[in-house]
Amino acid sequence: EEKESKRNRRDAYEGLRAQFMLEVKNRLLPVVDDVKAFRDWVEKEAAAFRAVMREYGQLRKDEQASFTIVDGDMKLEVRSNKVKSFDERADLAAERLVDYLKRYAMGRELGTDDPMYQLGMTMIERNRQGDLDYKSVSKLYELEDRFDSEYTEIMDLFRESNVVYKTAVN
Numbered sequence: 003e004e005k006e007s008k009r010n011r012r013d014a015y016e017g018l019r020a021q022f023m024l025e026v027k028n029r030l031l032p033v034v035d036d037v038k039a040f041r042d043w044v045e046k047e048a049a050a051f052r053a054v055m056r057e058y059g060q061l062r063k064d065e066q067a068s069f070t071i072v073d074g075d076m077k078l079e080v081r082s083n084k085v086k087s088f089d090e091r092a093d094l095a096a097e098r099l100v101d102y103l104k105r106y107a108m109g110r111e112l113g114t115d116d117p118m119y120q121l122g123m124t125m126i127e128r129n130r131q132g133d134l135d136y137k138s139v140s141k142l143y144e145l146e147d148r149f150d151s152e153y154t155e156i157m158d159l160f161r162e163s164n165v166v167y168k169t170a171v172n
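Rendered as structure tokens:
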């Protein structure tokens, strides 16, 4: 009887938990979609307004990407900074690294559960814009002495591709 009571309490709890999470999800997903749509809209409109500001002469330099607009109690700040990025050679290096890591993992007892495999795959995950993270890829350079010359060639290709700078707008 006590076990049945415990099971009933657990079932009731898990039911309430599942219902609560479903309600949270159902209310959250439309908000997430709205925020994404708003961000896309504000980025596009801010870029267009920046062009108007440049034409009007309100930017110190033509290439200036950061600006602030204050109108009454509203303030919009568009901030940008130069970030290190990669050119098209990084895509080739990433493909080669995935193939290399798969071969490496297959030769290991743990296979794809090997921490080195998982670390390497994590370091070449792409961000929301589809770009590789410079700092993550740079950490892969530190592992060169643990692998063979093919790995070094792949890292050299990443280094060569690290020549492009992009402007990140926040």
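So for the sequence shown, my numbering puts the first residue at 3; every next one is plus one.
Backbone N, C-alpha and C fix where the C-beta goes; we use that ideal spot for every residue, glycine too.
For the region 86-133, there is no continuous beta strand (DSSP E) assignment of 3+ residues that stays within its boundaries. DSSP places residue 42 within a helical segment (H, G or I) once states are collapsed to three.
Residue pairing of residue 10 in beta bridges, as defined by DSSP: absent, with no partner found.
Every unbroken stretch of the beta strand (DSSP E) spanning 3 or more residues and falling wholly within the region 23-74 is given here in chain order: 69-73.
A Cβ-Cβ distance of about 57 Å is found for the pair residue 10 and residue 88, leaving them out of contact under the 8 Å criterion. A direct Cα-Cα distance of roughly 33 Å separates residue 159 from residue 45.
In the three-state reduction of the DSSP assignment, residue 139 falls in the helix class, which pools H, G and I. Residue 152 and residue 115 have their C-alpha atoms roughly 22 Å apart.
By the criterion of at least three beta-carbon pairs nearer than 8 Å, the region 78-94 is in contact with the region 129-145. Here DSSP, grouped into helix, strand and coil, assigns residue 16 to helix. A distance of 8 Å or more separates the beta carbons of residue 39 and residue 80. In the three-state DSSP reduction, residue 159 falls in the helix class (H, G or I).
Take the alpha-carbon of residue 157 and the one of residue 118: they are about 15 Å apart. Residue 145 is not bridged by DSSP to any residue.
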